[in-house]
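Each residue of the sequence shown is one higher than the last, beginning at 1 in the UniProt record's numbering. Where a beta carbon is used, it is the ideal one built from N, C-alpha and C, also for glycine. Below: one structure, written as structure tokens.
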Amino acid sequence: MLHNTDAHITTWVITLILFIVALFLHNSKNEKGFKIVHMVIRLFYILIIITGGLLFFNNQSLNPALYGVKMLVGLLVIAVMEMLLIRLKKGKGTGLFWVLFIILLLAVFYLGLRLPLGWHPFA
Ligand code: HEM
């Protein structure tokens, strides 16, 4: 967990799957289901931050700037995901947040894969 990315990958993969489940529940007007899945997603945000944070504090000396940006963009992805779920629930517009979400998600994948641990297809 300190130098191995498996736990971190597991947490964000589950979160993204639950996020898709929440979108389906919202589209099928299952408000109760949506609320429960949203609560579980919030728990997983914490797990992403703990596993990402452990990797960050134990490895950031390898490339402090890039690790810093990775952490920031990772936190922004979580923030935008939460904004999307809240705005969907309230029936507010989500257009701009979807654009931000796609850009930040691509950026966080690029940065994660660029950094030294785990997979590095771009290295
Ligand atoms: C939904 C949000 C996030 C996604 C999709 C994501 C995605 C990724 C990916 C694809 C990797 C590369 C894994 C590998 O190469 O094996 C990674 C690694 C990492 N992530 Fe995240 N991440 C997210 C949030 C965070 C957060 C919030 C933090 C910090 C608190 C963080 C810190 C890290 C660190 C330090 C690494 C290790 C980089 C390395 O040395 O290879 N991530 N993440």
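Does the Cβ-Cβ distance between residue i and residue j come in under 8 Å?
| i | j | result |
| --- | --- | --- |
| Ile-41 | Thr-15 | yes |
| Leu-85 | Phe-101 | no |
| Asn-63 | His-3 | no |
| Leu-25 | Val-37 | yes |
| Phe-34 | Lys-90 | no |
| Ile-103 | Ile-78 | no |
| Phe-44 | Leu-18 | yes |
Since I believe residue j is in contact with residue i (beta carbons under 8 Å), could you give me their beta-carbon distance rounded to a whole number of angstroms?
| i | j | result |
| --- | --- | --- |
| Leu-66 | Arg-114 | 7 Å |
| Val-108 | Phe-97 | 16 Å between Cβ atoms; not a contact. |
| Thr-5 | Leu-117 | 5 Å |
Would you say residue i touches ligand 1, meaning its beta carbon is less than 7 Å from a heavy atom?
| i | result |
| --- | --- |
| Thr-10 | no |
| Asn-59 | yes |
| Lys-29 | no |
| Gly-52 | yes |
| His-26 | no |
| Met-83 | no |
| Phe-109 | yes |
| Val-77 | yes |
| Pro-64 | no |
| Leu-117 | yes |
| Lys-70 | yes |
| Phe-56 | yes |
Report yes or no: do three or more beta-carbon pairs, one from the region 36-54 and one from the region 67-83, lie closer than 8 Å?
Judged by Cβ distances under 8 Å, the region 36-54 makes contact with the region 67-83, as three or more pairs qualify.
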